[in-house]
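This report concerns only the one structure given below.
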Amino acid sequence: MSDVLAPPPVGTRSMRRFDATSAEASARVRRRYRAERRFKAYGLVALTVTTLFLVVLLTDVFVRGLPAFWSYSVALDVPVKAEEIDPDNKRAELARKAAELRAQRRSWLGRWFLGPNEADRAPDPLQPIRAGDYFGLTRQALYDAFPGVEGRKERRALQGILSTGAGDPLRERVAADVGLIGQTVHIPLRLSANADLYMKGEGTAFERRAGRGVASPSGTSGDVTILSSANDLADYLVRLKVELSLRAKALRAEADRLERRAGAEQADRIKDLRADADALQARIDQVGGEEELDDKMPSQLIAINGGLVKIEKLGDSSVTGRTIIPLGSTAEAQPGAWQIVTYVTPESLRRVNDLEVAYLERLKADGRIEKGFNWLFFVSGDSREPELAGIRGALVGSALTLLVTLLLCLPIGVLAAIYLEEFAPKNRATDLIEININNLAAVPSIVFGLLGLAVFLNFLGLPRSAPLVGGLVLALLVLPTIIIAARAALKAVPPSIKEAALGVGASHQQAVFHHVLPLAMPGIMTGTIIGMAHALGETAPLLMIGMVAFIVDVPQALTDAATVLPVQVYLWSDLPEPAFKAKTAAAIIVLLGFLIIMNGLAIYLRKKFERRW
Amino acid sequence: MDVPVQRASSRDGAAAVGHAGPAKIVARDVNVHYGEKHALKGVNVDIPDKGVMAFIGPSGCGKSTFLRCINRMNDTIPGCRVDGKITIDGSDIYDRSLDVVQLRARVGMVFQKPNPFPKSIFENVAYGPRIHGFAKSKADLADIVNVSLRRAGLYEEVKDRLNDPGTGLSGGQQQRLCIARAIAVEPEIILMDEPCSALDPIATARVEELIDELKADYTIVIVTHNMQQAARVSQRTAFFHLGSLVEEAPTEVIFNNPKDRRTQDYITGRFG
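The following block contains the structure:
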């Protein structure tokens with residue numbers, strides 16, 4: 000005792016085993032700080048890399064996807080010809096019948112609870128009106144906007160601008176108001192996917208140069224020759240010859256390569272290549288005369304007298320070409336009054352040909368092209384035409400599937416969790432069950448799909464591709480997650496609350512259901528929402544049960560064929576049309592939006608009901 | 000609240016030593032095991048009707064364990080085994096025919112840490128009467144709540160905010176709310192497991208006053224670490240040590256003239 004209490008002898012500093020001020024100690028402290036700084040740096044690097052990847056991913060998705068939320072249409076005056084739509088002149092009678100039927104119909108709420116009545120089941124009396132060729136009307140309206148464009152090729156190009164669904168809004172307008180028949184309706188007509196993409200900038204750059212000489216066209220339509228008093232076109236001819244010489248060079252190089260490698264075996268091919276190169280060389284060497292343009296070179300056009308001529312043969316001061324838009328007259332055009340236009344991207348590298356570009360540019364110049372929000376993307380089902388394809392079917396399919404999942408998962412999961420946590424005896428059997436539940440959460444999701452295929456489709460004979468089966472499979476998938484989350488939430492409720500209830504004479508079940516469960520509910524809800532978000536993003540198991548089909552109709556019931564959002568993304572990502580690339584990204588944006596909303600809701604619930612004991 | 004307390008004249012009760020009243024609770028050879036651990040070793044004690052019995056002893060000596068045996072709270076602990084016999088008014092509480100829910104309605108409990116339900120003050124008190132079906136009507140229930148709060152000396156402080164959450168009260172008020180909750184189901188016995196250990200001295204004084212008032216109508220068993228408290232509120236005191244009941248006697252005897260050396264050491268602060 001006295002040893003401890005005695006004051007330390009003077010000068011005992013060196014006797015201490017640890018001297019905090021020694022050089023060794025400060026070196027050690029410095030090392031510790033260095034280690035800490037290093038650790039912080041690692042963390043920072045990891046965070047930066049993660050953020051970078053996230054930003055790149057999101058930017059990519061948004062840059063690709065956002066254009067799909069807008070669409071272009073051409074606003075035209077479409078005459079709704081009575082002889083096309085209602086040749087028998089029965090529209091007044093049909094409209095009256097339709098109005099009567101509408102009055103007898105049930106509201107959607109009534110249909111939901113009471114089912115459809117006779118009027119709901121009756122065929123639409125306006126069917127004869129709806130059956131008209133509305134696309135034909137819209138197409139004719141577009142033809143009429145380009146008077147004088149009558150060639151088959153030209154008309155096909157005009158038709159190619161319009162979506163095959165361009166007549167659908169007109170059909171709805173007319174069905175809603177038969178008085179429009181016989182009148183002219185001003186209506187925006189949806190552009191085809193390629194035209195839409197062109198308007199969104201996936202087309203070509205332009206070069207325009209005013210003509211220097213006086214140009215005189217030989218005709219107003221068909222094949223025309225245009226002479227210029229100056230050698231306006233010499234530059235273009237030179238450019239063309241450079242292009243040709245590059246091609247000749249490439250052909251010779253290919254021939255040389257073949258000769259070196261294959262020799263005699265490819266003699267014929269080598270001969271052909273050399274002959275082609277020589278032919279090209281002859282064209283290059285030729286002085287004067289005209290040179291042919293092809294679709295691998297930038298397209299040259301001449302805009303003159305309100306018309307447009309695509310150059311097919313190019314000379315120093317004269318060109319031969321085909322009119323795309325007829326000329327107003329054969330009058331001479333003064334210098335500066337006519338233009339040489341170049342579509343920089345060669346036709347073969349574009350999805351819109353020169354004709355379509357010319358017509359679209361003309362419509363744009365006339366102010367007829369309109370940009371609008373792409374509502375169709377949200378209100379229509381899937382389609383083979385990219386511009387008509389929407390995610391409504393997938394959204395409704397996802398909603399129905401998740402509804403089934405939630406209705407199954409929440410009660411079963413929560414009750415299972417309560418039983419396991421509060422009532423089950425703690426023995427080997429419950430341990431085994433617990434381990435298996437935890438393991439189930441880690442089973443690859445496709446296995447659940449196989450299980451669903453074997454049990455629900457093959458054994459129970461439930462319909463394929465149905466939200467009901469999808470919901471069942473996803474319920475199996477999510478159940479372990481919900482049970483684990485619910486058990487954690489129940490465990491987090493302090494036992495003092497249960498004891499208090501037991502202390503006043505509540506039965507075990509009353510204590511759990513009156514006191515523990517309400518307090519665990521926010522945690523359970525959070526877990527459930529996270530589980531649902533997981534289910535919303537799940538694809539693989541649904542592939543196994545046939546939810547991967549091409550389904551145009553929006554599902555109306557749990558047993559209708561349907562697909563879900565992530566599967567829709569998967570389906571679209573597989574399609575070759577470039578317009579579907581944007582649709583894919585747009586669908587991903589919608590999916591991400593829903594996931595963010597669900598996770599936000601989970602965080603909100605957690606924050607709102609968070610309780611500190 | 001005029002609770003007609005059942006008063007059975009127990010034969011065991013007549014054997015109660017050093018106290019006028021008959022024994023309400025009689026424990027004979029009570030052993031408790033938590034798994035392998037022998038937590039309580041052959042406890043024999045008679046707890047007289049009406050009045051306060053204090054259990055004192057160092058931590059881990061088994062006094063709380065014994066307290067929890069009296070309303071079978073130990074049943075909720077997995078791996079806990081209780082042997083021996085505890086009777087209340089002569090009937091064995093570990094008998095198969097006895098329902099644990101009914102037992103707990105007769106034997107209320109107040110815990111170490113105030114644990115009001117995270118509900119309104121009213122709901123906290125009304126919960127017990129409601130699940131036992133005491134109240135015939137809403138007015139009846141409100142009456143029970145008011146009387147209970149008044150008995151617990153809390154009514155004046157909370158009468159204007161009965162719908163506020165019970166967890167919003169101060170610690171002392173919360174503990175009195177828990178006492179009100181316990182007496183709302185009209186128990187005969189109230190078990191208190193260190194009810195003042197989480198309270199400040201002023202709140203402790205209020206709770207002690209309350210115990211003093213309640214002892215006229217209830218049999219109160221209190222576990223405490225605070226020997227002054229035991230001396231102040233109890234008529235009899237039992238000293239537990241290492242799972243055994245060392246000595247049980249009127250409080251004055253325990254504090255002034257203990258028979259056992261260990262009791263003396265504990266009371267004088269030699270250990271514990």
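Residue numbers (numbering that gives the first Met the number 0), protein chains in the order written: chain W, 0 to 612; chain R, 0 to 271.
Each residue gets a CB set at the ideal place from its N, CA and C atoms; glycine is no exception.
Since we're looking at a predicted model, the values are computed, not measured.
Buried versus exposed, by CB contacts within 10 Å (16 or more), residue i
i, result
"phenylalanine 254/R", "buried"
"tyrosine 615/W", "Here chain W has residues from 0 to 612 only, and residue 615/W is not among them."
"histidine 513/W", "buried"
"glutamate 185/R", "buried"
"lysine 295/W", "exposed"
"isoleucine 180/W", "buried"
"tyrosine 603/W", "exposed"
"histidine 185/W", "exposed"
"alanine 24/W", "exposed"
"tyrosine 133/W", "buried"
"aspartate 277/W", "exposed"
"valine 54/W", "exposed"
"serine 90/R", "exposed"
C-alpha gap between residue i and residue j, whole angstroms
i, j, result
"alanine 491/W", "leucine 439/W", "23 Å"
"valine 515/W", "glutamine 508/W", "10 Å"
"glutamate 421/W", "leucine 478/W", "18 Å"
"glycine 12/R", "valine 146/R", "Its pLDDT being 38, under 50, glycine 12/R is placed unreliably by the model, and nothing is read from it."
"aspartate 98/R", "glycine 504/W", "10 Å"
"isoleucine 303/W", "serine 317/W", "14 Å"
"arginine 261/R", "valine 245/R", "8 Å"
"aspartate 123/W", "leucine 394/W", "27 Å"
"glutamate 346/W", "leucine 354/W", "10 Å"
"isoleucine 432/W", "lysine 425/W", "11 Å"
"lysine 270/W", "leucine 591/W", "58 Å"
"valine 81/R", "asparagine 256/R", "32 Å"
"glutamate 253/W", "arginine 259/W", "10 Å"
"aspartate 45/R", "glutamate 122/R", "35 Å"
"threonine 86/R", "alanine 104/R", "15 Å"
"phenylalanine 133/R", "phenylalanine 458/W", "54 Å"
Backbone secondary structure at residue i - three-state DSSP
i, result
"threonine 203/W", "coil"
"glutamate 290/W", "strand"
"valine 318/W", "strand"
"cysteine 79/R", "strand"
"valine 100/R", "helix"
"alanine 209/W", "strand"
"phenylalanine 65/R", "helix"
"serine 217/W", "coil"
"methionine 296/W", "coil"
"isoleucine 92/R", "coil"
"aspartate 275/W", "helix"
"methionine 108/R", "strand"
"serine 119/R", "strand"
"methionine 72/R", "helix"
"alanine 15/R", "Reliability of the predicted coordinates at alanine 15/R is poor, the pLDDT of 39 falling under 50, and the value obtained from them is presented with this limitation in mind. Alanine 15/R falls in the coil class under three-state DSSP."
"serine 444/W", "helix"
"threonine 166/R", "helix"
6 Å Cβ shell around residue i - same chain, five flanking residues per side excluded
i, result
"aspartate 28/R", "Gly41 and Gly83"
"threonine 429/W", "Ala423"
"arginine 207/W", "Gln338 and Val340"
"tryptophan 571/W", "Phe579, Lys582 and Thr583"
"alanine 74/W", "Pro187, Arg367 and Glu369"
"glycine 335/W", "Ala209"
"cysteine 408/W", "Ala474, Val477, Leu478 and Ile481"
"alanine 229/R", "Ala53, Ile55, Thr223 and Thr236"
Neighbourhood of residue i by C-beta, 7 Å cutoff - its chain only, sequence neighbours within 5 removed
i, result
"leucine 557/W", "Leu399, Val403, Ala465, Pro466 and Leu467"
"arginine 63/W", "Lys580, Ala581 and Ala584"
"lysine 214/R", "Lys49, Gly50 and Val51"
Bridge partners - residue i, DSSP secondary structure assignment
i, result
"proline 78/W", "Thr183/W"
"proline 47/R", "Ala22/R"
"phenylalanine 372/W", "Trp69/W"
"isoleucine 301/W", "Val308/W and Ile339/W"
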